[in-house]
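Input: a single structure, listed below in structure tokens.
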Amino acid sequence: MMNHLPRHQLERLAAEDPDARVRPVLRVHVAACDLCQTRLRALHAAKSRFLAAYSSSEFARDTFAFAGPLPPARELRDWSRELRVLMYAGLVAVFATAFLWYGHEAAANWVRVQGGTSFRVFAVHAGRERRLLDGDELTTGDELAFEYSLDRPRHLLLLGVDDTGSIRRYYPPAEAAGSDTLLAASTRSKLPARVALDARVGEERLYALFSDSPVSESDARLGVSRAVGAAWATGRRLEKAPSLELPVQAISVWFRKR
Amino acid sequence: MLRRVNEQDVARLYREYGYLVFRRCVVYLGDVTAAREVTRDVFVRALRNPTSFRAFADSRTWLCRVADTLCIDGLQRRHNLTASADTVLASVIADDDLESLFLIRRVLANLESDALRLAVLFYVDELNEEELAEELGMSRRTVAKRVAELLEHTRALTSQRNAS
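Chains R and W, in that order, are what the protein sequence lines are.
Note that this note's numbering gives residue 227 to position 227 of the first sequence, counting from 1, and the numbers run on in steps of one.
Count along the second sequence from 1, then add 258; that gives the number in this note's numbering.
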């Protein structure tokens, strides 16, 4: 006998959205469960009362009016996809040539910032490790590994923000205290934290925030949230690195999860 | 064909999810006017970020995550936000489970901002520890520890109310 349905599943059941992922077994459970039926009926009734007070068409009209001008439609048109693919392929060819021409070390400098601090992100797929560069695509199950070089002890907070605005802390790892951010001076050391990518798709930007004195996680989260929010407000995406108003040296990389 | 989120899409989404987004915002903010504004802002995000929104297979998850982010950000920015009294909320919102909503409001009112989302996912969405770990990107062990702290906090709050 399965447990009663949690509220998030009931809400999915109450929605007539074809995208709502409701397993058939849950519908079967509700059909046979008085408690879940009662909760579902109450949910439907509350939704109806809510919509009676402010209809969906009124809300949609008001929301459009409030939103103002939207991003230009050409950014969304399908025909431009092939063009973008060709453009990206061309850029990849140029960068690959430049990489081979100037050698491994030259490309590594993209993460070096003033004060002798560098940071690299690696994607680990099927046991093979490669450097993660802006715009790279990763898949579920891939892991991220991190390498840093410091000429003096510094604090590091590593945060990721995805295209829904959710912010996650990757370093210090979840098991460690949020204040445990100090790294010793060293050359090409690996961070003890590795991150396995979950099943969510979309874009994400990682921010490695280096500082000489500790920056609180809540301040850092707020800074990232504000920067991303400001970027979104002007129609920009994570692809364009929003600058942070924080007393840190920020190194960031953007990737996509498929 | 990837297309813009149009007025019909917003109306449909609001019909299906508007109530739960608004209820979620009331839980966080405890203020009906602020909750209405944030609900609108969530849908504006869907309009302005159609690529991100369309990339998500599950509209509910996308809307809830954006609502969580906006509410927590709003709470950090608006320190002077005063929660409405339970009686005011009861007279304005047509909730399906007011008793739970008030209890969750009381729990959230005494939590630090980094614990808010966990509390909402646990009490409002009723996610289990495995689902919480996945949603929050934490280990199961950390989630179990945080949930135990949350339950302890709730127990203390309840016994304090009973005593008074």
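In this text, a Cβ means the ideal position worked out from N, Cα and C, and glycines have one as well.
Q) So, does the CB of G165 (chain R) fall closer than 7 Å to a CB anywhere in chain W? A) Residue 165 (chain R) sits at position 165 when you count from the first residue of the first sequence. Yes, its Cβ sits closer than 7 Å to a Cβ of chain W.
Q) Which bits of chain R does T327 (chain W) rub up against, with CB to CB less than 8 Å? A) Residue mapping note: residue 327 (chain W) aligns to position 69 of the second sequence, counting from 1. Neighbours of T327 (chain W) on chain R, chain order: T164, G165, S166, I167, S225.
Q: Jot down the residue ranges of each uninterrupted alpha helix (DSSP H) in the stretch 181-255 of chain R, minimum 4 residues, whole runs only, in chain order.
A: 217-233
**Q.** Nearest neighbour of G135 (chain R), chosen from R:Q37, R:E239, R:V124, R:P69 [CA to CA]
**A.** Against the first sequence, residue 135 (chain R) aligns to sequence position 135. Taking only the C-alpha atoms, the option nearest G135 (chain R) is R:E239.
Q. When you compare only the Cα positions, how much space is there between G229 (chain R) and V300 (chain W)?
A. Residue numbering aside, residue 229 (chain R) sits at position 229 when the first sequence is read from its first letter. Residue numbering aside, residue 300 (chain W) sits at position 42 when the second sequence is read from its first letter. Their Cα atoms are separated by approximately 12 Å.
Q: Return the residue from the list R:E204, R:A220, R:L222 that minimises the CA-CA distance to A241 (chain R).
A: The count along the first sequence starts at 1 and reaches residue 241 (chain R) at position 241. Residue R:E204 is the option with its Cα nearest to A241 (chain R).
**Q.** Option in W:R335, W:Q334, W:E357 with minimal Cα separation from T345 (chain W)
**A.** Residue 345 (chain W) sits at position 87 when you count from the first residue of the second sequence. Out of W:R335, W:Q334, W:E357, W:E357 has the C-alpha closest to the C-alpha of T345 (chain W).
Q. Candidates W:L321, W:I330, W:L305: which alpha carbon is nearest W232 (chain R)'s?
A. Numbered from 1 along the first sequence, position 232 holds the residue referred to as residue 232 (chain R). Cα-wise, what sits closest to W232 (chain R) is W:L305.
Q: Please confirm if the stretch 170-178 of chain R is in contact with the stretch 390-403 of chain W, defined as three or more CB-CB distances below 8 Å between the two stretches.
A: yes
Q: For E143 (chain R), go through chain W and note every residue whose CB falls closer than 9 Å to its CB, in chain order.
A: Locating residue 143 (chain R) in the first sequence gives position 143, where the first residue counts as 1. Going along chain W, no residue has its Cβ under 9 Å from E143 (chain R), so there is no contact; the nearest lies around 13 Å.
(Q) DSSP three-state label for A15 (chain R), please. (A) Counting from one through the first sequence, the residue named residue 15 (chain R) turns up at place 15. It is coil, neither helix nor strand.
(Q) So for E143 (chain R), helix, strand or coil by DSSP? (A) Working through the first sequence from its first residue, we reach residue 143 (chain R) at position 143. E143 (chain R): strand per DSSP, three-state reduction.
**Q.** chain W within 7 Å of A15 (chain R), Cβ atoms only
**A.** Within the first sequence, residue 15 (chain R) is the residue found at index 15, counting from 1. Chain W contact via Cβ: present.
(Q) Along the chain, where does the alpha helix (DSSP H) containing A123 (chain R) start, and where does it finish? (A) One-based indexing of the first sequence puts residue 123 (chain R) at position 123. From DSSP, A123 (chain R) is part of no alpha helix (DSSP H) but of the beta strand (DSSP E) over 117-125.
(Q) With a threshold of 7 Å between beta-carbons, can R298 (chain W) be considered close to chain R, or not? (A) The residue labelled residue 298 (chain W) in the question sits at position 40 within the second sequence. Yes, R298 (chain W) lies at the interface with chain R (some Cβ there is under 7 Å from its Cβ).
Q) Roughly how many angstroms lie between the CA atoms of R363 (chain W) and A325 (chain W), to the nearest whole one? A) Along the second sequence, one-based indexing puts residue 363 (chain W) at 105. Along the second sequence, one-based indexing puts residue 325 (chain W) at 67. Computed Cα separation, rounded: 16 Å.
Q.
If you reduce the DSSP assignment to three classes, tell me which class S317 (chain W) lands in.
A. Here residue 317 (chain W) refers to the residue found at position 59 of the second sequence. DSSP places S317 (chain W) in helix when its eight states are reduced to three.
Q) Using a beta-carbon distance below 7 Å, is G146 (chain R) in contact with chain W? A) By 1-based counting over the first sequence, the position of residue 146 (chain R) is 146. Checking the displayed sequence, the identity of residue 146 (chain R) turns out to be Phe instead of Gly. False, the Cβ-Cβ gap to chain W never drops below 7 Å.
Q. Considering only C-alpha positions, which residue in the set R:L191, R:S56, R:H29 is nearest to L144 (chain R)?
A. Within the first sequence, residue 144 (chain R) is the residue found at index 144, counting from 1. Nearest option by C-alpha distance: R:L191.
(Q) For a test of the three-state rule: what should DSSP assign to T416 (chain W), helix, strand or coil? (A) Within the second sequence, the letter at position 158 stands for residue 416 (chain W). Note: T416 (chain W) maps to helix in three-state DSSP.
(Q) Please tell me whether S189 (chain R) has its Cβ less than 7 Å away from any Cβ of chain W. (A) The sequence position of residue 189 (chain R) within the first sequence is 189, counting from 1. Answer no: the Cβ-Cβ gap between S189 (chain R) and chain W never drops below 7 Å.
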